[in-house]
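Residue numbers (our numbering): 1 to 296.
Beta carbons are placed, not taken as given, at the ideal position from N, Cα and C, and that holds for glycine.
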Amino acid sequence: MQADFSSWAAAHQSRFEQVLQALLPPAGLAPQRLHGAMRYAVLDGGKRVRPLLAFAAGELCGADISRLNIAAAAVELIHAYSLVHDDMPCMDDDVLRRGKPTCHVQYDEATALLVGDSLQTLAFQLLAEHRLSDDAARQLAMVRLLAVASGSRGMAGGQAIDLDSVGKALSLPELENMHIHKTGALIRAAVLWGAQCGSVSEVHLDRLDHFGKCVGLAFQVVDDVLDSEADTATLGKTAGKDADHDKPTYVTLLGVQAARDMAKRLHADALDSLQEFGAGARRLRELADFIVLRKF
Ligand code: GRG
C-alpha cells in the first residue's frame, strides 16, 4: 500500500535534509563564517515545495533518486538564495524567515549578500559535477532552463518588476506577468526538471509544463491570501507585509474571496493537465492540493 501524502512528504523532506547537509560546504571549512551562514540559510527550515514537486514529477517519469536529489538541491539552493537577498534592507527589509532571524540579521548584510551569491553558484556547480540525464544535450538544456528560470527573464526579472510596482496600481495581467516570473518560473522549472531526470515524451512534458505554470501561479495567489489573513507565528515570516509596503497583490486587486476563487480555478486547471497520467501522478495531484489548501 502507498503511503499517505504527509508520510510521503515527511520521508522525502527528512532524507532531503541529509542530502543538503552533505552537499553544502562544512561549517568548519574556511571561510567559516560564510559557510556557516550558507548552512543557516538553507538547512532546517522551509516547506521544500519545489524539491517535492521535482521528486513527484521524477517518480512519475521513472527518474533515479540520486539524480532527483541533485536536481531538487539545485532548485532549493536557488530558492534559498532568493529568500536571503529578498529579505535584505535594499529589498523587502525583513527580520524573520522560516521562523528565525533573517540571514543579514543573524550575520550581517555583506555576509548575506555573499551567501546568496554562493548558493546560486553552488547550484550550477552541482549541475557541472553530476549527471542528470544520459543525454548530454538534455543535460545542457536543463542547465539553461534553471538559468533562465532564475535570471532576468525569470525570478530576478520578476523581482525587478515587483520592486518597481510598489505604490502602483497594476492590472491583473500585469500582476500575473510579475508573479509568473518571480514565483512561478522556479516552481515550473522544478516540475520540468524532475520529469527530465527520467523519461518523458514531449507531449507529456508539455502537460507537465502547464501543470507547473498553474501551481506556480496558484502558489502566489495563496501566498497573497495568507499574507493578508494568517499571523506571523503561523507563517514563520512577517505577516501583512504586502499591505505595509503598499504592494499590489491578488488580494488588493480582487479581494480575498475572488483571490481564493482564482486559486481554485488554477488548481482545477492544474489537475486537468494531469488527466492522461493516471495513478502515477498521484503525488503531483496531492502537491497541487497542498499548495492551494496550505495554511502556512
Ligand atoms: C532576490 C533575485 C531575488 C528574487 C526574490 C522569490 C522571491 C524573489 C522573493 C521571495 C519573497 C516572497 C515572499 C515571495 C512570495 C512567494 C514565495 C516565493 C514565498 C516563499 O516561498 P516558500 O513559501 O518558502 O516556498 P519556504 O520557506 O517554505 O521555502
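**OP:** Pull up the CB-CB distance for valine 225 and alanine 259, whole angstroms please, since I reckon it's below 8 Å.
**Re:** Valine 225 to alanine 259, Cβ: 5 Å. Contact.
**OP:** Report whether the distance from the Cβ of aspartate 86 to the nearest heavy atom of the ligand GRG is below 6 Å.
**Re:** Indeed, a heavy atom of the ligand GRG lies less than 6 Å from the Cβ.
Original post:
Which of helix, strand or coil does DSSP assign to lysine 168?
Top reply: Here lysine 168 sits in coil by DSSP.
**OP:** Please go through the stretch 218-282 and give each complete alpha helix (DSSP H) segment of 4 or more residues, from N-terminal end onward.
**Re:** Restricting attention to alpha helix (DSSP H) runs no shorter than 4 residues, the stretch 218-282 encloses them at 232-235, 241-244, 250-254, 256-272, ordered along the chain.
**OP:** Inspect the CB distances between the stretch 57-67 and the stretch 23-38 and report whether three or more fall short of 8 Å.
**Re:** With a cut-off of 8 Å on Cβ pairs, the stretch 57-67 is not in contact with the stretch 23-38, counting fewer than three such pairs.
**OP:** Just the C-alpha distance for serine 133 and aspartate 92, rounded to the nearest angstrom, thanks.
**Re:** CA-to-CA, the gap between serine 133 and aspartate 92 works out to about 37 Å.
**OP:** Going by DSSP, name the residue or residues bridged to arginine 97.
**Re:** As a beta-bridge residue in DSSP terms, arginine 97 pairs with Lys100.
Original post:
Rounded to the nearest angstrom, how far is the Cβ of isoleucine 78 from that of leucine 146, given a contact under 8 Å?
Top reply: Yes, they are in contact, since the Cβ atoms of isoleucine 78 and leucine 146 sit about 7 Å apart, within 8 Å.
Original post:
Is it the case that the CB of methionine 323 approaches a heavy atom of the ligand GRG more closely than 6 Å?
Top reply: This structure leaves residue 323 out entirely; the chain is present only between 1 and 296.
Original post:
Are at least three pairs of beta-carbons, each pair with one atom in the stretch 204-215 and one in the stretch 237-251, less than 8 Å apart?
Top reply: The answer is no - the stretch 237-251 does not touch the stretch 204-215, with fewer than three Cβ pairs under 8 Å.
Subject >> Straight-line gap, proline 173 to aspartate 246 (C-alpha atoms, nearest Å) >> reply: Straight-line Cα distance between these residues: approximately 19 Å.
Original post:
Quick check: the stretch 121-132 against the stretch 170-189, are there 3 or more CB pairs under 8 Å?
Top reply: The stretch 121-132, when compared against the stretch 170-189, does not touch it at the 8 Å Cβ threshold.
Original post:
Is the beta carbon of threonine 102 within less than 6 Å of some heavy atom of the ligand GRG?
Top reply: Flag unset: Cβ of threonine 102 not near the ligand GRG.
Original post:
Helix, strand or coil: which one does DSSP assign to cysteine 214?
Top reply: Helix.
**OP:** Tell me whether leucine 60 sits in a helix, a strand or coil according to DSSP, three-state version.
**Re:** In this structure, DSSP gives leucine 60 a helical state, which the three-state scheme calls helix.
**OP:** Using only the heavy atoms of the ligand GRG, determine whether one of them is closer than 6 Å to the beta carbon of lysine 213.
**Re:** Incorrect: lysine 213 has no Cβ contact closer than 6 Å to the ligand GRG.
**OP:** Give the DSSP-derived three-state secondary structure of leucine 114 in the structure shown.
**Re:** Looking at leucine 114 - three-state DSSP - the assignment turns out to be helix.
Original post:
Skipping 5 residues on each side, what residues in its chain have a beta carbon closer than 7 Å to that of glycine 46?
Top reply: Sequence-distant partners of glycine 46 (beyond 5 residues in either direction) whose C-beta falls short of 7 Å from its own C-beta, in its chain, are Arg98.
Original post:
Would DSSP call histidine 130 helix, strand or coil?
Top reply: The answer is coil: DSSP assigns histidine 130 none of H, G, I, E or B.
Subject >> Integer Cβ distance of leucine 53 from histidine 12, believed to fall under 8 Å >> reply: About 11 Å separates the beta carbon of leucine 53 from that of histidine 12, a gap too long to meet the 8 Å contact definition.
**OP:** Counting only the same chain and skipping the five closest in sequence on each side, list residues whose C-beta sits under 6 Å from that of cysteine 197.
**Re:** Around cysteine 197, the same chain offers Gly58, Ala63, Arg67, Leu68, Ala71, Leu132 as residues with beta carbons nearer than 6 Å, after the five sequence neighbours per side are excluded.
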